[in-house]
Amino acid sequence: MDPLLYVFDLIVFIGIFGIVSLSLNLEFGFAGLDNFGKVAFFLIGAYTYALLSQIGLPFYLCLIAGGLISAIWGLVISLPALRLRADYLAIAILAFGEILRLIVKSEDWLAGGDWGVTVAPAISLAGASHRVDALINIALVYICLFICFLVVQLLASSPYGRAMRAIREDEVAAEALGKDRSKHKAQALMLGSAMAGLAGGLYAQYLHCVLPGMFMPMITFTVWIMVLLGGPGNNWGVLLGAALVEIFDRGTNIAKDYVALPIDPSNLQYILFGALIIFVLLYRPQGLLKESKIGTKALRLAHNGRRAFKSKGS
Amino acid sequence: MEEGLLRVREVSKHFGGVYAVNGVNLDINHGGIYGLVGPNGSGKTTLFNIILGLHKPDQGVIHFKDECINNLAPHQIYELGLVNAFQIPRLFYSLSVLDNMVVAARGQQGDKLFNSLFRRGRWQEQEKGLIEEALDILELVELEQWAFSPAGELSGGQRKLLEVARGLMAKPTLLLLDEPAAGINPVLGKRIFQKLKDFSHNGIVFFIVEHRLEILFEFASWVYVMDKGRIVIAGQPQDIVDDPTFYAVYLGEE
Chain A
688 MDPLLYVFDL IVFIGIFGIV SLSLNLEFGF AGLDNFGKVA FFLIGAYTYA LLSQIGLPFY
748 LCLIAGGLIS AIWGLVISLP ALRLRADYLA IAILAFGEIL RLIVKSEDWL AGGDWGVTVA
808 PAISLAGASH RVDALINIAL VYICLFICFL VVQLLASSPY GRAMRAIRED EVAAEALGKD
868 RSKHKAQALM LGSAMAGLAG GLYAQYLHCV LPGMFMPMIT FTVWIMVLLG GPGNNWGVLL
928 GAALVEIFDR GTNIAKDYVA LPIDPSNLQY ILFGALIIFV LLYRPQGLLK ESKIGTKALR
988 LAHNGRRAFK SKGS
Chain B
33 MEEGLLRVRE VSKHFGGVYA VNGVNLDINH GGIYGLVGPN GSGKTTLFNI ILGLHKPDQG
93 VIHFKDECIN NLAPHQIYEL GLVNAFQIPR LFYSLSVLDN MVVAARGQQG DKLFNSLFRR
153 GRWQEQEKGL IEEALDILEL VELEQWAFSP AGELSGGQRK LLEVARGLMA KPTLLLLDEP
213 AAGINPVLGK RIFQKLKDFS HNGIVFFIVE HRLEILFEFA SWVYVMDKGR IVIAGQPQDI
273 VDDPTFYAVY LGEE
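In order, the protein sequence lines correspond to chains A and B.
The numbers in my numbering rise by one with no breaks, and the one at position 244 of the first sequence is 931.
The numbers in my numbering rise by one with no breaks, and the one at position 61 of the second sequence is 93.
Next up, the structure:
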């Protein structure tokens, strides 16, 4: 196989999972929601894309629809789920993801059941080589990633982001300080789900198919590793986490062809992932990069001109 | 309608079979510092929590600025200008001291999702003003040099000060303070009250639970004494001090 194509493929995967990591960072890193059902919204976006592109909708509408429908589901799930305590919320959304996967698996009429359906690529130029196809995908994915990054970054350094972080720190105190915690959490879940849905659409068109087997709970946990490793509350950090985990994933896949091990190397990968989470949580709970500060313009000015501020104040 | 900022009428709340608050009536009018005293477990904090909407009363009505606030959520009550500082500070410890202050401001344009993304000019101007206000208040409570440090790095007494300062940041009409001088050295405690007095001249009304009676009675204009969930005496501090019931309540004499 063309080694350059392998690198391109890796870059696309980093981009797609970068978007999902950003969405989890918005929910968990900033708003403090333990979303253990990330894959559910990834699945909704992917299947929406697949079904709508089958009836001939252009790719950008399919992507937007995937995000929208996923967002609606995020909102619907938030209504009962946000009444639950954090750990029960995690279990409820986890179950939601599994239920969805089992529905698309067993309802053959919907999207081919276990066999899934094939999905046309978003943009296919006649006679383009694999490399050009991959480059088109990279462009498409990274445009979406850029938009998501911008949204999360702007939110994180605004009074809205400050309110979200306050809710994450102490939701009762935040509520007593005028923050509508249910509304904020529902919005975070909605927006995060929209991004995960968008990423799902990109995933479906890149892999040219959707299958129930593509949406195992492991996807959720992989995204959690990316966020925890990179640094919750830091958008650059979670992108770094996404890149490192994808490279690690590929690396171990290559390495197992060359290293003879007494156990199945595929299982070893899960063991290593688990060990990595424990290691990060024990020795560097803040992740590789520290949480970003709330960087509104006025705050930065105040911070830089602190002396000037002081002399003016007194 | 009767005059008065806060009217509490026949409010009761029980946990299991125990009445924590039992048919309480009280009025807070415009201007001044009001005190609420009573032995531990007499229901003071529960009464505060009911007023703030953190507990729903079993019966009774509470009016604030002639509006019934029984069924409002805590964040709605806050926006009306009825604000609270917790007894045990509940700060946002990983946020900076300044962020802890600014987050408390009422009527922020930028804490709505849409505005935060698409109407950035609108809140950025407001934010500048809020930061200046916050730094001014922090200067008053001598926390200014900590403005950009995480609140988690503050000492116990400083946390207490920040909790009170955060309440002031909301420019409340009525500020409930639960033991603002507890755990603070007597000199600083007195200074806090002195500053509260200054703020009360600017129109903020205070309703304060405090066990440090010598400080409270010096500054309060009206004091409610609570025992076993009921208001047993109400009056000016000098009259309360002369009331034998007051000693019975506090010292447990029959």
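Every residue, glycine too, gets a C-beta built ideally from N, C-alpha and C.
Original post:
Do three or more CB pairs link the stretch 859–868 of chain A to the stretch 699–709 of chain A at distances below 8 Å?
Top reply: Using a C-beta cut-off of 8 Å, the stretch 859–868 of chain A makes no contact with the stretch 699–709 of chain A, since fewer than three inter-stretch Cβ pairs fall below that distance.
Original post:
Is M903(A) helix, strand or coil when you go by DSSP?
Top reply: coil
Subject >> contact_flag[the stretch 199–216 of chain B, the stretch 971–990 of chain A] where n(CB pairs < 8 Å) is 3 or more >> reply: no
Original post:
What span of residues does the alpha helix (DSSP H) with V43(B) cover, start to end?
Top reply: No alpha helix (DSSP H) contains V43(B), which is instead part of the beta strand (DSSP E) from L38 to F47.
Original post:
Taking the alpha helix (DSSP H) that W923(A) falls in, what are its first and last residues?
Top reply: Secondary structure note for W923(A): its alpha helix (DSSP H) is the uninterrupted segment N922 to Y945.
Original post:
Is the stretch 123–135 of chain B touching the stretch 100–109 of chain B, taking contact as three or more C-beta pairs under 8 Å?
Top reply: no
**OP:** Could you tell me the distance, in whole angstroms, from the CA atom of F231(B) to the CA atom of G221(B)?
**Re:** 15 Å
Subject >> Sequence-distant residues of the same chain with beta carbon closer than 8 Å to I825(A), five excluded per side >> reply: F695, I698, V699 and G702
Original post:
Which residues in the same chain have their Cβ closer than 6 Å to the Cβ of G184(B), if we skip the five residues on either side of it in sequence?
Top reply: Y125
**OP:** Out of P952(A), A883(A), V910(A) and L916(A), state which residue places its alpha-carbon closest to the alpha-carbon of S757(A).
**Re:** A883(A)
**OP:** May I have the straight-line CA-CA distance separating I224(B) from E933(A), to the nearest angstrom?
**Re:** Distance between the alpha carbons of I224(B) and E933(A) is about 55 Å.
Original post:
Between the stretch 741–757 of chain A and the stretch 943–955 of chain A, are three or more C-beta pairs nearer than 8 Å?
Top reply: no
**OP:** Look at the alpha carbon of L969(A) and the alpha carbon of L963(A), and state the distance between them as a whole number of angstroms.
**Re:** Going from the Cα of L969(A) to the Cα of L963(A) covers about 10 Å.
Subject >> Bounding residues of the beta strand (DSSP E) (the contiguous stretch that carries H990(A)) >> reply: That residue, H990(A), is in no beta strand (DSSP E); its alpha helix (DSSP H) goes K984 to N991.
**OP:** Check each candidate in L68(B), H46(B) and I60(B) and name the one with the smallest Cα separation from Q91(B).
**Re:** Among L68(B), H46(B) and I60(B), the Cα nearest to that of Q91(B) belongs to H46(B).
Subject >> Cα-Cα separation, I216(B) to L167(B) >> reply: 22 Å
Subject >> Which of helix, strand or coil DSSP assigns to P182(B) >> reply: Strand.
Original post:
Residues of chain A with a CB under 7 Å from the CB of F287(B): which are they?
Top reply: This structure gives no information on residue 287(B), because the portion of chain B shown stretches from 33 to 286.
**OP:** Assuming H895(A) and V819(A) form a contact by the criterion Cβ under 8 Å, report the distance between their Cβ atoms to the nearest whole angstrom.
**Re:** With a Cβ gap of about 16 Å, H895(A) and V819(A) do not count as contacting.
Original post:
Under the three-state reduction of DSSP, which class applies to Y51(B): helix, strand or coil?
Top reply: strand
**OP:** Go ahead and pull the three-state DSSP assignment for D951(A).
**Re:** coil
Subject >> Any C-beta of chain B under 8 Å from that of G917(A) >> reply: Answer no: the Cβ-Cβ gap between G917(A) and chain B never drops below 8 Å.
**OP:** Starting from S128(B), follow its DSSP beta bridges and name the residues at the other end.
**Re:** P182(B)
**OP:** Could you name the residues of chain A that K160(B) contacts, counting a contact when the two beta carbons are closer than 7 Å?
**Re:** A985
Original post:
In chain order, what residues of the same chain lie with their CB nearer than 6 Å to the CB of D275(B), ignoring the 5 residues before and after it?
Top reply: I265
Subject >> Inter-stretch contact at 8 Å, needing at least 3 Cβ pairs: the stretch 778–797 of chain A / the stretch 848–861 of chain A >> reply: Fewer than three pairs of CB atoms, one per stretch, sit closer than 8 Å, so the stretch 778–797 of chain A makes no contact with the stretch 848–861 of chain A.
**OP:** Report the three-state DSSP secondary structure of H107(B) (helix, strand or coil).
**Re:** helix
Original post:
Would you say S187(B) faces chain A, with C-beta separation under 8 Å as the test?
Top reply: no
Subject >> From G719(A), T909(A) and I965(A), residue whose alpha carbon lies closest to that of D774(A) >> reply: G719(A)
**OP:** Under 8 Å by Cβ, that's how I've got L206(B) and L37(B) pegged, so tell me the actual separation to the nearest angstrom.
**Re:** Right, their Cβ atoms sit about 6 Å apart.
**OP:** Count the C-beta pairs between the stretch 722–730 of chain A and the stretch 838–852 of chain A that are closer than 8 Å, then say yes if the count reaches three, no if not.
**Re:** No: fewer than three Cβ pairs fall under 8 Å.
**OP:** Report the option in D721(A), C749(A) and S816(A) whose CA atom is closest to the CA atom of R772(A).
**Re:** Nearest option by C-alpha distance: D721(A).
Original post:
Does E714(A) have its Cβ less than 8 Å from a Cβ in chain B?
Top reply: no
Subject >> Where G938(A) meets chain B, residues with beta-carbon distance less than 8 Å >> reply: Those do not exist, as G938(A) stays about 34 Å from chain B at its closest Cβ, beyond 8 Å.
Subject >> CB contact below 8 Å: E858(A) versus chain B >> reply: no
**OP:** May I ask you to report which of helix, strand or coil DSSP gives G67(B)?
**Re:** DSSP places G67(B) in strand when its eight states are reduced to three.
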